[in-house]
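Contents: one structure, followed by commentary.
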Amino acid sequence: MSSLTLVNLLLVVILLAVNCSAATDAGASDVHALLFSTCSTDTAAEPFATDLGELMSLLIREAPAIGFGLGSVGKAHGLAMCRADIKSSICMACIHAANGHLLRRCPSKKEATTWLDHCLVRYSDTQFFGEISDGKKFLAMSNGNSSKASVLDSKVEEIMETLVSRAYLTPLLFATAEVEVEGEGGLFGLVQCTRDLSGGDCKRCLASAMEELPRCCRGKKGGRVVGKNCNLRYEMYPFYDSS
């Protein structure tokens, strides 16, 4: 059996084992929700696949404890980040699920990123730590339209500006907040950057994401922008753990 086949087989076996145990965790049903994935078109040689398998094992071991991990093995460089409000057990299950999506959608590719609802996993054959990517972003909206669209849009801008001003100054590069929208109720927001970024780069990344938000979500009761380095989201219901 080739080393590439063996690595893929071992990763799939690990994924299946964690999927079975994760089903008993609170909130585990959400960790497998795929938002988007993107892959390079270049196929990697077999030695890279071996390095990648070892790298993913490293990230799965280290990231759940603090919600973030990065590392390099040979020519494979990668990071994993979980939403800062979730438990380590949910984080681990999400990273495993993300790895499974990468195996299915981006087999043997030199570069790939996948976002699930609760985590991000990214790898490349070139070192990217601390750099803001100008690559593809994922934009999504909720189905509900606000009856007071202009009021809601103003509050969304307000809460996002508040969150960005807080997040880039925190060690976790993460912030949540809630405000009231007249006639609509509570508005909940969340922003987060990958922790390889500096505070200044986190602020710039989130500001760029904010500029994208009106493209999808004017007058909508929920929306998000997700990229390789940062993400933001708002909803008219509490979608994060504020405890």
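Going letter by letter, the sequence shown gives residues -22 to -1, 1 to 221 in mature numbering (1 follows the signal peptide of the UniProt record, and there is no 0). Don't be surprised by glycine CBs; every beta carbon is placed ideally from N, CA and C.
Worksheet item: Do residue 70 and residue 44 have their CB atoms nearer than 8 Å?
Response: no
Practice prompt. Give the DSSP-derived three-state secondary structure of residue 92 in the structure shown.
Written response: The three-state secondary structure of residue 92, taken from DSSP, is strand.
Discussion item. Among the candidates 52, 100, 90, 66, whose CA atom is the shortest distance from the CA of residue 58?
Written reply: 100
Discussion item. Can you tell me whether residue 82 is helix, strand or coil according to DSSP?
Written reply: Correct three-state label for residue 82: helix.
Worksheet item: For residue 222, does the count of other Cβ atoms within 10 angstroms reach 16, so buried, or fall short, so exposed?
Response: The structure shown does not extend to residue 222, since the chain is modelled only from -22 to 221, so the question has no answer here.
Practice prompt. Let me know the secondary structure DSSP gives residue 10 once reduced to three states.
Written response: coil
Fill in: Span separating the alpha-carbon of residue 174 from that of residue 60
13 Å
Worksheet item: What's the gap between the Cα of residue 12 and the Cα of residue 84?
Response: 14 Å
Discussion item. Check for me: the beta strand (DSSP E) holding residue 153 runs from which residue to which?
Written reply: 152 to 159
Worksheet entry | Under the three-state DSSP convention, the category residue 102 falls into | strand
Discussion item. Tell me which residues share the same chain as residue 30 and place their Cβ nearer than 8 Å to its Cβ, disregarding the 5 neighbours each side in the sequence.
Written reply: Hits under 8 Å: -16, 22, 51, 54, 56, 101.
Discussion item. Taking a contact to mean a Cβ-Cβ separation below 8 Å, would you say residue 165 touches residue 115 in this structure?
Written reply: no
Worksheet entry | residue 62 classed as buried or exposed, judged by whether at least 16 other C-beta atoms fall within 10 angstroms | buried
Discussion item. Beta-carbon within less than 7 Å of residue 130's beta-carbon, same chain only, minus the 5 sequence neighbours each way: which residues are those?
Written reply: Cβ neighbours of residue 130 beyond the five flanking positions: 124, 159, 162, 197.
Worksheet item: To the nearest angstrom, how far is it from the Cα of residue 136 to the Cα of residue 142?
Response: Near 10 Å, if we compare the C-alpha coordinates of residue 142 and residue 136.
Discussion item. Rounding to the nearest angstrom, what Cα-Cα distance links residue 148 and residue 190 in this structure?
Written reply: 23 Å
Worksheet item: Straight-line CA distance for residue 49 to residue 95?
Response: 22 Å
Item to complete: Could you please give me the residues that DSSP links to residue 17 through a beta bridge?
Response: 90
Worksheet item: Going by alpha carbons, who is nearest to residue 188 out of 167, 128, 41?
Response: 167
Practice prompt. Could you round the C-beta distance between residue 128 and residue 199 to whole angstroms and report it? I think they count as a contact, below 8 Å.
Written response: No, residue 128 and residue 199 are not in contact; Cβ-Cβ is about 14 Å, not under 8 Å.
Fill in: Beta-carbon contacts of residue 256 that lie in its chain and below 7 Å, excluding the five residues immediately before and after
What the structure shows of the chain is the stretch from -22 to 221, and residue 256 is not part of that stretch, so it cannot be assessed.
Worksheet item: When the Cα atoms are used, what is the spatial distance from residue 110 to residue 214?
Response: So the alpha carbons of these two residues sit roughly 30 Å apart.
Worksheet entry | Reduced DSSP category for residue 58 - H, G, I as helix; E, B as strand; rest coil | strand
Worksheet item: Would DSSP call residue 77 helix, strand or coil?
Response: helix
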